[in-house]
Amino acid sequence: VRQPGWLDRESTSWLRDGLITADQRRAILARYRGRAERNVADTLTWLAALAGGVGLVLLVGWNWDQLPRSAQMGVSFGGTAVLFGAALVAASRGRRALAGRLTFLASVVAASMFVSVDDAYHLGEPGVSMWWAVTACLAAALVPGTVMVLLASGVTAAWLIVQGGGPPPWPFLALAPLLALAVEQAPDRIGAGAVTGVIVLWAWSVANDTWWSAFTTSLVVALLAASALDAWAHAPEARRPAFARATPAAFFLFLTLLLLQLVHEQVLSHARDDATASLWPALAVAGALALVAVSALVGRRPGGWRTAGLAVLCAAWLGAWVMYPILITAPTARWAWAAAFGLAAVLTGVSLVRQAARDQDLGLFVMGVLNVIGFVAARAIDADGNLWQSALALFAGAVILGWLARTWAASRREAAPR
Amino acid sequence: MTRRILLTAVLTLGIGAGYWMYIAWPEWFGAEIRVDAILGLPDRHTSRTALDWPSGRVLLTIPHAEADDSPMPFHEVRQIGPVWPATSDPLRGARLMHGRTLYLQVERRASAEGGSALAEPVSISTTPIAGATNLRVHVTRATPSGRMYLVLGPSVYPAPSTLAPDALTAAVLRVLPSGRFTMVGLVAR
Numbered sequence: 009v010r011q012p013g014w015l016d017r018e019s020t021s022w023l024r025d026g027l028i029t030a031d032q033r034r035a036i037l038a039r040y041r042g043r044a045e046r047n048v049a050d051t052l053t054w055l056a057a058l059a060g061g062v063g064l065v066l067l068v069g070w071n072w073d074q075l076p077r078s079a080q081m082g083v084s085f086g087g088t089a090v091l092f093g094a095a096l097v098a099a100s101r102g103r104r105a106l107a108g109r110l111t112f113l114a115s116v117v118a119a120s121m122f123v124s125v126d127d128a129y130h131l132g133e134p135g136v137s138m139w140w141a142v143t144a145c146l147a148a149a150l151v152p153g154t155v156m157v158l159l160a161s162g163v164t165a166a167w168l169i170v171q172g173g174g175p176p177p178w179p180f181l182a183l184a185p186l187l188a189l190a191v192e193q194a195p196d197r198i199g200a201g202a203v204t205g206v207i208v209l210w211a212w213s214v215a216n217d218t219w220w221s222a223f224t225t226s227l228v229v230a231l232l233a234a235s236a237l238d239a240w241a242h243a244p245e246a247r248r249p250a251f252a253r254a255t256p257a258a259f260f261l262f263l264t265l266l267l268l269q270l271v272h273e274q275v276l277s278h279a280r281d282d283a284t285a286s287l288w289p290a291l292a293v294a295g296a297l298a299l300v301a302v303s304a305l306v307g308r309r310p311g312g313w314r315t316a317g318l319a320v321l322c323a324a325w326l327g328a329w330v331m332y333p334i335l336i337t338a339p340t341a342r343w344a345w346a347a348a349f350g351l352a353a354v355l356t357g358v359s360l361v362r363q364a365a366r367d368q369d370l371g372l373f374v375m376g377v378l379n380v381i382g383f384v385a386a387r388a389i390d391a392d393g394n395l396w397q398s399a400l401a402l403f404a405g406a407v408i409l410g411w412l413a414r415t416w417a418a419s420r421r422e423a424a425p426r
Numbered sequence: 044m045t046r047r048i049l050l051t052a053v054l055t056l057g058i059g060a061g062y063w064m065y066i067a068w069p070e071w072f073g074a075e076i077r078v079d080a081i082l083g084l085p086d087r088h089t090s091r092t093a094l095d096w097p098s099g100r101v102l103l104t105i106p107h108a109e110a111d112d113s114p115m116p117f118h119e120v121r122q123i124g125p126v127w128p129a130t131s132d133p134l135r136g137a138r139l140m141h142g143r144t145l146y147l148q149v150e151r152r153a154s155a156e157g158g159s160a161l162a163e164p165v166s167i168s169t170t171p172i173a174g175a176t177n178l179r180v181h182v183t184r185a186t187p188s189g190r191m192y193l194v195l196g197p198s199v200y201p202a203p204s205t206l207a208p209d210a211l212t213a214a215v216l217r218v219l220p221s222g223r224f225t226m227v228g229l230v231a232r
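Chains as they are written, first to last, in this note's numbering: chain A, 9 to 426; chain B, 44 to 232.
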């Protein structure tokens, strides 16, 4: 059986340098034996299931309008039932991998049930994606697996995007616990990241749509802050759920997105029409952040001062955010304000990276880098044809990214066993 | 794992069947009305035809309304209760209306062509009005002039072979007392 190439090469050099014995090399290689082949086979069968599901949907879609309504319903409901039946048979015979793939395929094809109902009754509203998201989230919570979590996250994100322009997607509050449960059952960085991304997308869409509603926005930001509080309440060394682990980074990313939009739309373009509308949400977040700071200091956890400092920093931004339309009116002062917010956005990315370097947390590091890249890209686009300003933004980005690379490399060297 | 898959199957198929029943309910138990629906030209690639809903364009009388030179006709409807937000800024009011669910009251009026009576919008409210035919609709767009675009049905429809592309058509709807409705077909006026 073929070994991973790098491991084969490295273990040969370890043996040559006397770091390990021949027996130890064999033991190490045996541990990874066949893993690459299994991964390739797994990926290919998941792709096969996805291609089969999409192909089935396309086959059903072919001449769909010519089919009578009963045939449309029979094909979509019957197809889903048959696939679930096949998954049950596979599971009862102990073929868990096949059962998992068939359940995934059934969850994909379940979309056809809602599509056929919408199509048969000529609905003018997109109800398909929400109900498909409900079934996909249930499936992910009940039949754990990273691919199921990715499917549920993808469908939910599609629903949130389709819903854009309609009423705020409050039913998501019922789906979020299912997604969290799915990640808890299959703890995985990719799945946790996907779920966190969906939560941020939801919070962003609601906050953006209903920012003028003090109550709803307070609720959204308080939920986000509570989620961050939950994650921060655990020391880095403690066992943290994958879901919570991904949340603080997402929370910072969310704040930065808000700051980016603020600089672009509010500060430079026009004053917000209702300055006091953001008072309640800001107070809700500030309250939650104060709890974080107190919890970090009173609990005497490792890194408590850092956490408290970050919380105070966030609260300071929010204070400035709420006060700027009231205090700042002159155009020059607005530019200064915009620059201050830009600095705050960069500090967010830098803080994330420094935290990542301390905790040796690659996911957090990637979040921090994306944060900085997002900021630099937005500023370069803002310059809108002004080449020297764009170049300045990109040079600043290059310097920051170079510094981040050095910070990470240094932290890796410190973490390496001596 | 078998039990988990079984539960997933039961829940998924149950939700699908429940959704089907919920959507089909007005067709089974609703009262039939006809509203104006104009068929466009069929798309060669999708065998679908654009469908325009003139009854979904309504005009409210609002304070401080801005001028609007929209060339499309709008049905002037009266508000029953507070529908448009109580704000002096019409732009803010239009933004607040976006995505809201409302109830459009329609009344049958004899058509000028002497065909079947079509139902036309007369008023709008935030709750169903007893004794009236209510259509529960969503606002897809509102303007500071008080004009609103409401969803009454699909914007595309399977091209009917029995109707000429330029034929005068009406959509047949079945409506429940709650305001929920479904489109059951398209007929010539």
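We treat Cβ as the ideally placed atom computed from N, Cα and C, and that holds for glycine.
Residues of the stretch 118-148 of chain A whose Cβ lies closer than 8 Å to any Cβ of chain B, in chain order: A118, M121, F122, V125, D126, Y129, H130, L131, G132, E133, G135, W139, V142, T143, L146, A147.
A Cβ-Cβ contact shorter than 9 Å links E75/B with R217/B. If you draw a straight line from the Cα of L370/A to the Cα of W411/A, it is about 16 Å long.
By the rule that beta-carbons nearer than 9 Å mark a contact, P187/B does not touch chain A. The shortest C-alpha to C-alpha distance from A418/A to any of I408/A, A365/A, L402/A, R109/A is the one to A365/A. Residue state for R143/B is assigned as coil, using DSSP reduced to three classes. Closest in C-alpha terms to T212/B, from the list W96/B, S166/B, H107/B, comes W96/B. When rounded, the separation of the alpha-carbon atoms in L49/B and A160/B is 51 Å.
When Cβ-Cβ separations below 9 Å define contact, Y62/B makes contact with chain A. Excluding residues up to 5 positions away in sequence, nothing lies with its Cβ nearer than 6 Å to the Cβ of R39/A in the same chain. For P201/B, the closest of R77/B, L94/B, R46/B, D79/B by C-alpha to C-alpha distance is L94/B. By alpha-carbon distance to A105/A, the top candidate from A404/A, A35/A, T51/A is T51/A.
At least 9 Å separates the CB of F180/A from every CB of chain B. DSSP places F180/A inside the alpha helix (DSSP H), whose first and last residues are 180-193. Chain A places a beta carbon closer than 9 Å to that of Y200/B, counting this residue as a contact. Sequence-distant partners of E150/B (beyond 5 residues in either direction) whose C-beta falls short of 6 Å from its own C-beta, in its chain, are V165.
DSSP places L229/B within a strand segment (E or B) once states are collapsed to three. For V123/A, there is no enclosing beta strand (DSSP E); the enclosing alpha helix (DSSP H) covers residues 119-128. Check the Cα spacing between I167/B and each of E119/B, W63/B, A137/B: the tightest is with E119/B.
In this structure, the CA atom of A188/A is about 14 Å from the CA atom of L159/A.
At a cut-off of 9 Å between beta carbons, I105/B makes no contact with chain A. Note on geometry: alpha-carbon atoms of G57/B and A118/A lie some 11 Å from one another. Residues of chain B with a Cβ closer than 7 Å to the Cβ of L150/A are, in chain order, R47, L50, T51. Between A67/B and F92/A, the CB-CB gap reaches or exceeds 9 Å. Cβ contact annotation for S221/B (same chain, cutoff 8 Å, sequence separation greater than five): P171, N177, R179, in chain order. Proximity of A67/B to chain A, defined by a Cβ-Cβ separation below 9 Å, is satisfied. With 16 or more neighbouring CB atoms inside 10 Å of its own CB, H130/A falls in the buried class. For L147/B, the nearest beta carbon of chain A is not closer than 9 Å to its own beta carbon. Separation of the CB atoms of A166/A and M156/A is rounded to 16 Å, and the pair is thereby denied contact status at 8 Å. Contact of M140/B with chain A is not assigned, every C-beta pair being separated by 9 Å or more.
Chain B places no beta carbon closer than 9 Å to that of F403/A, leaving this residue out of the contacts. With a threshold of 9 Å between beta carbons, M191/B makes no contact with chain A. P177/A and L402/A have their C-alpha atoms spaced approximately 37 Å apart. The Cβ atoms of V123/A and S161/A do not sit closer than 9 Å to each other. Secondary structure note for T55/B: its alpha helix (DSSP H) is the uninterrupted segment 45-72. Taking C-beta atoms as the reference points, V354/A and F383/A count as a pair closer than 9 Å.
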